[in-house]
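**Student:** Pasting a structure here, questions to come.
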Amino acid sequence: MNQQSQKIHKLTSDRYHEYEEELKYLKTVREKEVADAIATARAFGDLSENSEYDEAKNEQGKLYSRIAEIEDILAHAVFIDEDGGSERVDVGCEVVITMNGREFTYRIVGSNDADPRQGKISDESPLGHALIGAAAGDEISYETPSGKLATAEIVSITR
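Heads up, the sequence shown is in this note's numbering, so the first residue is -14 and it goes up one at a time.
Below you can see the structure in the form of structure tokens.
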């Protein structure tokens, strides 16, 4: 796969360091735990009907998958500028919008950090994508997951 087709992961420096710490834990502590579980299960004998062995090997597969995922995120990370201006919406901004007479506050984050229940929306979501580049006072339109067109007005932008 060439470099241009790799997904870019937009992260704050704090989030980048959290991924580094998780990777370190997975490659040291967790990998040893899983290896020990496999060794213990092997001691039970016949591997063809050994559910403990199968479970440990499945856990090992999940572990290696998560390690590969984090390594990819770190290898293709782009840091979010948390100190930039706030004239236009960008990743890292907190945006206050009004929709249907109600006010909402969202932080625009990279897709790895999105958590709509905590007010963190991805720059790749329909609303997040529509907000990127807009300024306070702008009215934006976007398509909701149900296919309806929604509009919102940007009240304020802060970092």
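Where is the CB? At the ideal position from N, CA and C, for every residue including glycine.
Using the Cα positions of Val94 and Leu48, report the straight-line distance between them to the nearest angstrom.
**Tutor:** Straight-line Cα distance between these residues: approximately 26 Å.
**Student:** Would you call the stretch 47 to 61 and the stretch -10 to 10 touching, i.e. three or more CB-CB distances under 8 Å?
**Tutor:** Because the criterion of three Cβ pairs below 8 Å is met, the stretch 47 to 61 and the stretch -10 to 10 touch.
**Student:** With a threshold of 6 Å on Cβ separation, who are the neighbours of Ser50 within its own chain once the five nearest residues in sequence on each side are excluded?
**Tutor:** Result list for Ser50: empty, nothing under 6 Å.
**Student:** Does DSSP put Ser131 in a helix, a strand or coil?
**Tutor:** In the structure shown, Ser131 sits in coil (DSSP, three-state: anything other than H, G, I, E or B).
**Student:** Do you know offhand how far Lys9's Cα is from Asn85's?
**Tutor:** So the two alpha carbons sit approximately 46 Å from each other.
**Student:** Any idea if Leu112 is buried or exposed, counting beta-carbon neighbours within 10 angstroms, 16 or more meaning buried?
**Tutor:** Label assigned to Leu112: buried.
**Student:** May I ask which residues mark the beginning and end of the beta strand (DSSP E) holding His(-6)?
**Tutor:** Start and end: His(-6) to Leu(-4).
**Student:** Can you look up Glu44 in the DSSP assignment and give me helix, strand or coil?
**Tutor:** Here Glu44 sits in helix by DSSP.
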